[in-house]
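A.B. asks: Pasting a structure below so you can have a look.
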Amino acid sequence: MVRHAINCFPFECCGVISGNDQYSYSVHPIKNLDYRKHRYSMDMDQLDIIISKIEQSSEEIIGFYHSHTDTDSYPSRIDIEMANWQSVFYVIVSLAERNLPKIKAFKISDKNVTECEIVFR
C-alpha cells in the first residue's frame, strides 16, 4: 500500500485488501480514474475483476485503502460519505510527511468513524 501510494504521488492511490478473519494477505491496487490531487475514483471494471478473483479464492474482501497526499490519515468528509461497505476496514496511507508514511484503519458505519488497531507481523 505504501509503495502504491508513493508511486501514485502526487495523486491519491486506491485498492482492495483481501484476507481471512481480519488478517490481510493480499493487496490489490486499482487504477484511480480521478486525476485531482485530493480525490480518487476506483476503476469499476478493474474492481469487478478483482472482486471476482477474490471470490474464487479462499480470501474475502476485508477492506479498501487509499492515500492522502498532504493530509493526515483520517477519513475526510467525502471518504465518510463514500464508505458504502459497512463490514470492512477503510485504510488510509498518509504521505503528508513523505519520508514517514502513516497508516491508519477505520470502520465507518452510518457516518460514524471508529479507528481500529493495526498489527503488523
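Just so we're aligned: the sequence shown equals residues 1124 to 1244 in the numbering used here.
Idealized CB from N, CA, C, for every residue including glycine.
1. Which value, in whole angstroms, describes the spacing of the CA atoms of Ile1140 and Asn1130?
2. By how many angstroms is the C-alpha of Trp1208 removed from the C-alpha of Glu1135?
3. Could you give the residue range of the alpha helix (DSSP H) that holds Lys1176?
4. Enumerate, from N- to C-terminal direction, the unbroken alpha helix (DSSP H) stretches of 4 or more residues contained entirely within the region 1135 to 1221.
5. Determine the closest residue to Gly1138 out of His1161, Ser1217, Asp1166, Arg1159, with distance taken between C-alpha atoms.
6. Taking the alpha carbon of Phe1187 as the point to measure from, which residue in Ser1164, Asp1193, Gln1179, Thr1194 has its own alpha carbon closest?
7. Taking only three categories from DSSP, how would you classify Ile1241?
8. Is any heavy atom of the ligand FMN found at a distance shorter than 7 angstroms from the C-beta of Ala1128?
9. Suppose contacts are defined by Cβ-Cβ distances below 8 angstroms. Is Ser1217 in contact with Lys1225 by that definition?
C.D. replies: The answer reads as follows:
1. 18 angstroms
2. 20 angstroms
3. Per DSSP, Lys1176 belongs to the alpha helix (DSSP H) from 1167 to 1179.
4. 1167 to 1179, 1200 to 1205
5. Asp1166
6. Ser1164
7. coil
8. This structure lacks the ligand FMN, and indeed carries no ligand of any kind.
9. yes
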